[in-house]
Structure formats: structure tokens, C-alpha cells
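One structure is given here, and the rest of the page talks about it.
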Amino acid sequence: MKLKVIILSLSVFAYTGFTAQNIQNNPGSNHGNKFEQLGSILRTPNIYRTASGAPGHGYWQNRADYNITAYLDEDKRNLKGSETVTYYNNSPDELDYIWLQLDENEHSSIRNAGYDNSSILRPSTTDQQLKVTELPVKDNGYGVTLEKVTDASGSPLKYTVNKTMMRIDLPKALKKGEKFIFKVDWNYNIGNRIKMGGRGGYENFPEDGNDLYTMAQWYPRMCVYSDFQGWQNHQFTGRGEFALVFGNFKVSMNVPADHIVGGTGECKNYDQVLTSDQLSRYRKAENASEPIEIVTLDEAKKAEKNHSKQRKTWVFEANDVRDFAWTSSRKFVWDGMRVTIPENNNKVMAMSFYPKESYGLYRKFSTKAVAHTIKTYSEFTIPYPYPVAQSVEAANGMEYPMICFNFGRTEKDGTYSEGTKNGMIGVIIHEVGHNFFPMIINSDERQWAWMDEGLNTFTEYLTEEKWDNKFPSKRGPAWTIVDYMKLPKDQLEPIMSNSENIVQYGPNAYSKPATGLNILRETIMGRELFDKAFKTYAKRWAFKHPEPADLFRTMEDASGEDLDWFWRGWFYGTDPVDIAIDKVTVATPNLETNPKAAEEIKYQVDKPLVNSFEDLSKIRNREDKNITFYVDKDKEAQDFYYRYDRGQEKVSTKEYTTKVEATLPLDAKDKEKFKNITAYQIDFLNKGGLVMPVILEFTFEDGSKLYDKSSAQIWRLNEQKVSKTYYFDKKLKSIQLDPMRETADIDTTNNFWSSNASGGETSKFQLFKQKQEGGPARGSSNGKVNPMQAAGKS
Numbered sequence: 001m002k003l004k005v006i007i008l009s010l011s012v013f014a015y016t017g018f019t020a021q022n023i024q025n026n027p028g029s030n031h032g033n034k035f036e037q038l039g040s041i042l043r044t045p046n047i048y049r050t051a052s053g054a055p056g057h058g059y060w061q062n063r064a065d066y067n068i069t070a071y072l073d074e075d076k077r078n079l080k081g082s083e084t085v086t087y088y089n090n091s092p093d094e095l096d097y098i099w100l101q102l103d104e105n106e107h108s109s110i111r112n113a114g115y116d117n118s119s120i121l122r123p124s125t126t127d128q129q130l131k132v133t134e135l136p137v138k139d140n141g142y143g144v145t146l147e148k149v150t151d152a153s154g155s156p157l158k159y160t161v162n163k164t165m166m167r168i169d170l171p172k173a174l175k176k177g178e179k180f181i182f183k184v185d186w187n188y189n190i191g192n193r194i195k196m197g198g199r200g201g202y203e204n205f206p207e208d209g210n211d212l213y214t215m216a217q218w219y220p221r222m223c224v225y226s227d228f229q230g231w232q233n234h235q236f237t238g239r240g241e242f243a244l245v246f247g248n249f250k251v252s253m254n255v256p257a258d259h260i261v262g263g264t265g266e267c268k269n270y271d272q273v274l275t276s277d278q279l280s281r282y283r284k285a286e287n288a289s290e291p292i293e294i295v296t297l298d299e300a301k302k303a304e305k306n307h308s309k310q311r312k313t314w315v316f317e318a319n320d321v322r323d324f325a326w327t328s329s330r331k332f333v334w335d336g337m338r339v340t341i342p343e344n345n346n347k348v349m350a351m352s353f354y355p356k357e358s359y360g361l362y363r364k365f366s367t368k369a370v371a372h373t374i375k376t377y378s379e380f381t382i383p384y385p386y387p388v389a390q391s392v393e394a395a396n397g398m399e400y401p402m403i404c405f406n407f408g409r410t411e412k413d414g415t416y417s418e419g420t421k422n423g424m425i426g427v428i429i430h431e432v433g434h435n436f437f438p439m440i441i442n443s444d445e446r447q448w449a450w451m452d453e454g455l456n457t458f459t460e461y462l463t464e465e466k467w468d469n470k471f472p473s474k475r476g477p478a479w480t481i482v483d484y485m486k487l488p489k490d491q492l493e494p495i496m497s498n499s500e501n502i503v504q505y506g507p508n509a510y511s512k513p514a515t516g517l518n519i520l521r522e523t524i525m526g527r528e529l530f531d532k533a534f535k536t537y538a539k540r541w542a543f544k545h546p547e548p549a550d551l552f553r554t555m556e557d558a559s560g561e562d563l564d565w566f567w568r569g570w571f572y573g574t575d576p577v578d579i580a581i582d583k584v585t586v587a588t589p590n591l592e593t594n595p596k597a598a599e600e601i602k603y604q605v606d607k608p609l610v611n612s613f614e615d616l617s618k619i620r621n622r623e624d625k626n627i628t629f630y631v632d633k634d635k636e637a638q639d640f641y642y643r644y645d646r647g648q649e650k651v652s653t654k655e656y657t658t659k660v661e662a663t664l665p666l667d668a669k670d671k672e673k674f675k676n677i678t679a680y681q682i683d684f685l686n687k688g689g690l691v692m693p694v695i696l697e698f699t700f701e702d703g704s705k706l707y708d709k710s711s712a713q714i715w716r717l718n719e720q721k722v723s724k725t726y727y728f729d730k731k732l733k734s735i736q737l738d739p740m741r742e743t744a745d746i747d748t749t750n751n752f753w754s755s756n757a758s759g760g761e762t763s764k765f766q767l768f769k770q771k772q773e774g775g776p777a778r779g780s781s782n783g784k785v786n787p788m789q790a791a792g793k794s
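Counting from 1, one number per residue, gives the positions in the sequence shown under my numbering.
Here you go:
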């Protein structure tokens, strides 16, 4: 339908406000805030989660196994399903009820989560966007229709649906170590994903009249019951993704006979659903090092023209996964090849499914990008454990175990832009990478989006960098986050914010966490320490449910680095980095300094070292007849000063003299050695608030360069300003702060100093030769006469 633009003459005002919590324990001071430990903020360690960041000896998690049958009705665009779920209670708690997710209800006009957003009257809109408000709201026909909910014997179970969540009340409490088997029959109308949005649905291709189905979040799924939260039954609003339990799946999908199906796990009946030629090509692909077309482009084009009325059932199985998704269409070209993961010698089928509209890009790159991703992520996290990894071109980007949906289509003539190519490779790496975060390292996406998206975006960046040294990564390098960090505070929120409450979702959940981890790796910790700690986190929490404290503590535990200052500033705060060179003071030594002669000072011997004020404790101790002081019992402890403090020893009040040593002048050799020395005191201001290492590039007049880096701890005693002094034997031409833009400094105009523009006179500093190494020993009298000497006692 052609879009008509309706112009309205309006004055439009917009304002978005948000104030982040400023977590400080000493806000009135210039120190003691940025480097305060996180102990009072993080969850207290316990038997389930240790202070080291590892799972404790009492760690547990529940599981759910699924046996599902699905019927895809292409004519009605309806999905009918039946599942048997076996739920295992490994928790120490008795459960009176269990919770399931009904994510398809988000598409319902009457059963969605009800998280409304502000709306405004726009100056212009299209007829497609023009929406007549109907009150009361009418049912749009979408969302889950529950046909039957029973126990294993078929007896009905009592249940309650609250928007996108369903509670099943159990006939009796489910105790530790017990399992509960129940059945659910349901159906729902499949939505047009392109028009309605959402994770799953269909896309229609008008030119050939076919649909491409991405079946995601399509079955009632068990919620997580955890040690740190209980039931995670937060409503699904369409943004915060999901927390799920691990289990084994057996899924049978009945679809039109000319459809090709890809899904989580391994297909168990290719010999029944593929032609002999397709099966033969699949067997070759199992041992191929280059992608082989299992369903060819010609076969896909032919299938588009004939809509079969016959049916086929595809059977898939997947073990130790937290979810199951699948795709179905007669449009698919399908290719694959074998990939071996060196770390565990796992032989994986890397595969891609795509319509002809994507052939020019996906045939060249998709399966190879899949293979590159699982191999590279295996290097940085844990070895990929599953038998399959798949990419499906479906004009979107979404992830599930062993399968993901991506974008990337050519023009009709087969050409494509570089942006389309790089975007496609980037989204494939990102979505395939989600197999690790959060499909295996199974964080709670609905609560902490960054633990899923941020950690994955960081590892995606590492993988893009190893794909092509010129790859234009948009998330990960420090300089790419600067525009976001520059925003006014009322448009920002801490990374540690609930997924549903984030205004700038992309930068907050994806970019800023990824950038922070990259700064840790490249600038603060170094690659060796970081990589070991990051792999330790992945290993500790693979197939488990980590939360933020587990990551923070593991990164410190495995590296020996105190990073609380970094988590506090980068993850809990909204301050940007803006370190400025405030002033540079230049000085040269006075080599003709006249030495100071030795001089005498006069003094009297020390008076008794007793407190000038008798405090309450001393008075009460003296009056307490039950207290006998040690020195009153032991006569050997009653020395000269015992008597001196009590006025029993008399010492002369005459004056004595002592000498202050003379300073030594420089000799000719020293003068020659130091004649070219120049001193530079550089004063820095922390204008942004977020502390970071101070990284300097020195360029000298002869063109040579030196580099220096001071750790972020330089700010620990004064978080607002610090100084560093350097002595060089040649003159500086310029000083550049953060030359590689590795700290995300939002204002680089104050990061440079030039000797030509300094405008000040060079001052002098006095230079003497040190007479001896070190000073007087601690506890010595430094040559003065003490009272015992003055009294002639010993």
C-alpha cells in the first residue's frame, strides 16, 4: 500500500528526565569516593555464591525437560502445540506453584505486559501509522490460547494467567529432589513480524507469495527459580529478553512437505525429510572445509512456485540447552560445513539458511562467519560444546541456542553496499556469539541486559577484529562511546539499571559495557591478566546462572587487580571521562648553587611525654581498686622515665646546640651530567568525574617520543586534581594526553600542551649533591641530647 503523509501544524515539545544514583560514601571530600570498595553494594557471599566469584559448595539450579509437538498451519498462519514438561526441583525449598512464560501474549492487545510508553501528537505521520484509539480495547486475536493444562495423568491443573506469565498451582508441594510432570496444549495466531515487530513470526514475500517463519518464544517456557531472586517472573515487555532453565528437548515440527526446517539441536530424521540428493550433499558437508549447498538455489526457486499440500514432520533433539527455536520456509537455500574446535576437538556443523534475496551475500560469508565466531569465542571463553551452529537470514537479529536470525540482503541485481556486508557479518557474529552469552553463561537478561548484550558485544568486537583488521567495529573501541558519554545527565542511566528502565538502550546495554571491558583489557589490566580472568568467569559459570557480583568478583579474584573503582565508576555511575592538562610548569636546574653552610640550632631537652589532659579513662582506672598497673608491680620496669614523668628526676633547663649538615655543591662531573636537564610539572584536572589512568605521549624537540602511564590509583588521594613531575635531558616540544584515545575522554581539546604556546618563563630549581644515602634510623634522637644524658643517668 502506498503511504500517504498527513501534515499537521503543531508545536511539539519533548523532554526525557532521569537522575542516576551517585553512589558515594564521602561526598563532601575530594577523596574517598571513587576508590571506595563495593562491599556494601554487592550481594553478601554465601554457600551458593562465594566471595571469589565462583559458585559455592551449596550452589544449585533447577532444570526442565521438554517433549513438544508442533503443527504449522501455513494457510491460517497458526501454530498449534502440545508439550510435556518434566520439572526438577533441586532447590532446598518446597514449591507450592511454578511459573511459566507466555511471551506470545506480548502481541495481544488485551494480555500484554501493559508497560505503556508516553506518546505525542507528531507534526506529520503516515496513514499506516495513523491509529484510531478504540476504547475499551478490543482483542486483536493474538496471544496464546491455552487449550488444556493437566498433570501427567490428564487431571486438570489449576492455573492463573497474569499478562505474559502463567502460574500453575501444584496439587502438592514439590520438595527438594522431586520432579513434576505436566502437559500443556496451546495455539496462537502467528504475527507478521515485519509489521508487528517482535522476536518471532512470519515475513511474507509478495513477489512469490511465500512466507518465512521464525518460531521463537513460541511455547510455554519455565521461569527460573534461583537462590538470589526466587521466581524470575517479571513481565515480558518486548525488550528485556529472558531468564531460562537448562534441560533436554525433543521437538517434532509438522510443516508443509516442501518446507526446509532448521532448529536448535540436531535433526534426527534427515533421511525421511530430505531428498536423496539433499541427503547426499548433507553427508558431504559433514566433512567439508568449505560450505556445500545442501538445498541449492535452483531447488529453492523451484519450491517457491509450488505450494505443497502434503506434510512432513521434522524431529530435533537438543541436550543441555535453555531454549528451543526453529525456522521453516520453502524459500530456503541451505549450506553447511564441518568446523573443529581445537580446545575440545568438538566437530560442529556450521550451517546457514537464506532466501534467494540474500544469496549473493549469505552464500559467500554466512557459514564462514558462523565458523569463525564459534572458534574465536572458544578461544576467549569456553570451547563451544554443541554439535550445531546456524545462521538464518530473516531480516532481523535475534539469538537462540544453536540457531540465530540475522539480516543481510542484496539489491535485485546482486550487488550490495559495504555497509550492508559489514552489518551482516557483524550481526551474524553477534547473534552466533550469543550461544556463549547468555545461552551457556546463562545470565538473567530481563534484569541485567548488559550481562547478556554487553559481554557478548565485547566478545563480538574481539571476533570482528580477528575477522578483518580493517573491520569498522562500532562498539568496543573507547572512542566510539564518546558521543554517548557526552550526553546530559538527564539522558543517561547507570549500566546497572533494569532492562525496562533504560532510555538509551543500545549504548547503555551494548556499547558502554563492551567499551568498559575493552578498556580493562587494553589499558588497565593488560591482555594476559584480563583474558585469564575472563576465561575463568566463563568456565566457572558455564551452564549456570551468574549475576553481576559473580563477574566483578571473578575478574578481581583471577587477576589480583582491585577493580572496584572501575565497576563503581563505569557500571554504577554516569560520570564521563574528561581529564585535562591544566598547567605545565617548566624549570631548569641552577648548577651554580651556593651550598648552605652547616648551622647550629639551640634547643632544650624534651619534657616528660605525658598527656597534657587527664582523660576520663585514666582517672577511673586510677580509682578502680581492682586494677594494678604493670609498671607499679614490676620494679624493673620503673626506669629513669618512670621517675621523670612523676617529677622524681630533675633535669637542667639549659640550652644545648646541634648542627644541621651543610649541603654539598655539584662538582664539574655532575654539572656536565645535569646541564641539559629540564623539569616539567604537569597539573591535571578531573573535569568529568570518572577516574582513569593518565596516559602521556612526550614529543621532544629532536622528534623522538616517550610514553608513560600512571594507573588510575594516582587519583586516590585527590579525585579532582593531581600532578606529575618529569626530568628529561632534552627539551619537550609537546605533551599529548591519551594519544590513542583509549580512555573514552569526551573532550580532547584540553589534552595537549605545546612549548610554543605555553607563554611562560622557564623557572629555576636548586640542585645540590646528596651527602649520604638515606636519613637517620627510625627511633634515633638525630644527634640531640636526651633527658637521661642531661641528668647523667643510664
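Cβ coordinates follow ideal geometry from the N, Cα and C atoms, glycine included.
For Met-402, report the span of its beta strand (DSSP E) as first-last. Annotation: Met-402 is outside any beta strand (DSSP E) and is labelled neither H nor E by DSSP.
From Tyr-66, Asn-46, Thr-381, pick the residue whose C-alpha is nearest to that of Ser-252; which is it? With distances taken between Cα atoms, Ser-252 lies closest to Tyr-66.
Restricting to Cα atoms, I'd like to know which of Lys-486, Thr-275, Trp-314, Gly-263 is closest to Pro-256. Residue nearest to Pro-256 within the set Lys-486, Thr-275, Trp-314, Gly-263 is Trp-314 (criterion: CA-CA distance).
Distance check for Arg-330 and Val-132, CA to CA, integer angstroms please. Straight through space, the alpha carbons of Arg-330 and Val-132 are spaced by roughly 37 angstroms.
What does the alpha-carbon distance come out to for the pair Lys-375 and Ile-341? Lys-375 and Ile-341 have their C-alpha atoms roughly 6 angstroms apart.
Nearest to Glu-528 by alpha carbon, out of Gly-688, Asn-590, Phe-380? Comparing Cα positions, the closest option is Phe-380.
For the stretch 397-411 against the stretch 419-431, are there 3 or more C-beta pairs whose distance is under 8 angstroms? They touch, by the three-pair rule.
So what does DSSP say about Met-496, is it helix, strand or coil? Secondary structure at Met-496: coil, using DSSP grouped into helix, strand and coil.
With 16 other CB atoms within 10 Å as the buried threshold, where does Asp-601 fall? Looking at the sequence provided, one finds Ile at residue 601 rather than Asp. Under this definition Ile-601 is an exposed residue.
Use the C-beta contact count for Ala-668: other C-beta atoms within 10 angstroms, 16 or more gives buried, fewer gives exposed. Ala-668 is classed as exposed because its beta carbon has fewer than 16 other beta carbons within 10 Å across all chains shown.
With DSSP collapsed to three states, give me the class of Val-427. Reduced to three states, the DSSP call for Val-427 is helix.
If you draw a straight line from the alpha carbon of Asn-22 to that of Trp-570, how long is it in whole angstroms? Residue confidence is low: Asn-22 scores 46 on pLDDT, short of 50, so the model does not pin down where it sits. No coordinate-derived value is stated.
When you compare each of Glu-178, Asn-248, Glu-742, Met-222 to Val-577 by their alpha carbons, which one comes out closest? Minimum Cα distance to Val-577 is reached at Glu-742.
By DSSP, does Asn-344 sit in helix, in strand, or in coil? Of the three classes helix, strand and coil, the one that applies to Asn-344 here is coil, per DSSP.
Euclidean distance between Cα positions of Ser-612 and Ser-29: Cα to Cα, Ser-612 sits roughly 31 angstroms from Ser-29.
Would you mind sorting Glu-556 into buried or exposed? The rule is 16 or more other CB atoms within 10 Å of its CB. By the 16-neighbour rule on beta-carbons within 10 angstroms, Glu-556 is buried.
Use the C-beta contact count for Leu-274: other C-beta atoms within 10 angstroms, 16 or more gives buried, fewer gives exposed. If you draw a 10 Å sphere on the C-beta of Leu-274, you find 16 or more other C-beta atoms in it, and that means buried.
Check for me: the alpha helix (DSSP H) holding Trp-541 runs from which residue to which? Segment 527-541, the alpha helix (DSSP H) holding Trp-541.
Taking contact to mean at least 3 C-beta pairs separated by less than 8 angstroms, is the stretch 538-558 in contact with the stretch 274-293? Taking a cut-off of 8 angstroms for Cβ pairs, the stretch 538-558 and the stretch 274-293 do not touch, as fewer than three such pairs fall below it.
Spatially closest choice to Gln-235 from Asn-498, Trp-450, Asn-62, Asp-624, by CA coordinates: Of Asn-498, Trp-450, Asn-62, Asp-624, the residue nearest in Cα terms is Asn-498.
Below 7 angstroms CB to CB, which residues in the same chain sit around Asn-750 once its five sequence neighbours on both sides are set aside? Only Ala-580, Ile-581 meet the Cβ criterion.
Please name the residue in Glu-286, Gln-390, Asn-90 whose C-alpha comes closest to that of Lys-179. The alpha carbon of Lys-179 has as its nearest neighbour, out of Glu-286, Gln-390, Asn-90, the alpha carbon of Asn-90.
Would you call the CB atoms of Glu-83 and Leu-174 closer than 8 angstroms? No, Cβ-Cβ distance for Glu-83 and Leu-174 is not below 8 angstroms.
Taking 8 angstroms as the cut-off, does the stretch 508-515 touch the stretch 446-466 (at least 3 CB pairs, one atom from each stretch)? Result yes; three or more Cβ-Cβ pairs closer than 8 angstroms.
Strand pairing of Asn-204, partner residues [DSSP]: DSSP, once it has assigned bridges, lists Asp-211 as partnering Asn-204.
Counting Cβ pairs closer than 8 angstroms, one from the stretch 235-250 and one from the stretch 140-149, do we hit at least three? Look at the beta carbons and you see the stretch 235-250 not touching the stretch 140-149: under three pairs across the two are nearer than 8 angstroms.
If you check the beta carbons only, do Thr-327 and Thr-214 fall under 8 angstroms apart? Their beta carbons are under 8 angstroms apart, which means Thr-327 touches Thr-214 by this criterion.
For Asp-323, which residues of its own chain have a beta-carbon under 6 angstroms away from its beta-carbon, when the five flanking residues on both sides are left out? Contacts found: Leu-244, Tyr-400, Pro-401.
What is the DSSP secondary structure of Thr-237, counted as helix, strand or coil? In the structure shown, the three-state DSSP call for Thr-237 is coil.
Any contact of the stretch 663-680 with the stretch 620-637, i.e. 3+ C-beta pairs under 8 angstroms? No, the stretch 663-680 is not in contact with the stretch 620-637.
Segment contact flag, the stretch 498-512 with the stretch 541-550, C-beta cutoff 8 angstroms, min 3 pairs: Result no; under three Cβ-Cβ pairs closer than 8 angstroms.
Residue range of the beta strand (DSSP E) that Pro-262 falls in? For the sequence presented, residue 262 should be read as Gly rather than Pro. Counted as a single uninterrupted DSSP element, the beta strand (DSSP E) harbouring Gly-262 occupies residues 260-263.
Top-ranked residue by Cα proximity to Asp-187, from Glu-290, Thr-588, Leu-72: The residue asked about is misnamed: residue 187 is Asn in this sequence, not Asp. Selected option, being the one with the closest Cα: Leu-72.
Considering Cα atoms alone, identify which of Tyr-115, Asp-116, Ile-110 is closest to Pro-136. Residue Ile-110 is the option with its Cα nearest to Pro-136.
Of the residues Lys-412, Thr-164, Glu-661, Arg-281, the one placed nearest Glu-599, counting alpha carbons only: Glu-599 has its Cα closest to that of Glu-661, out of Lys-412, Thr-164, Glu-661, Arg-281.
How far does the beta strand (DSSP E) with Ala-173 in it reach, from first residue to last? It spans 165-174 - the beta strand (DSSP E) in which Ala-173 sits, taken as one unbroken run.
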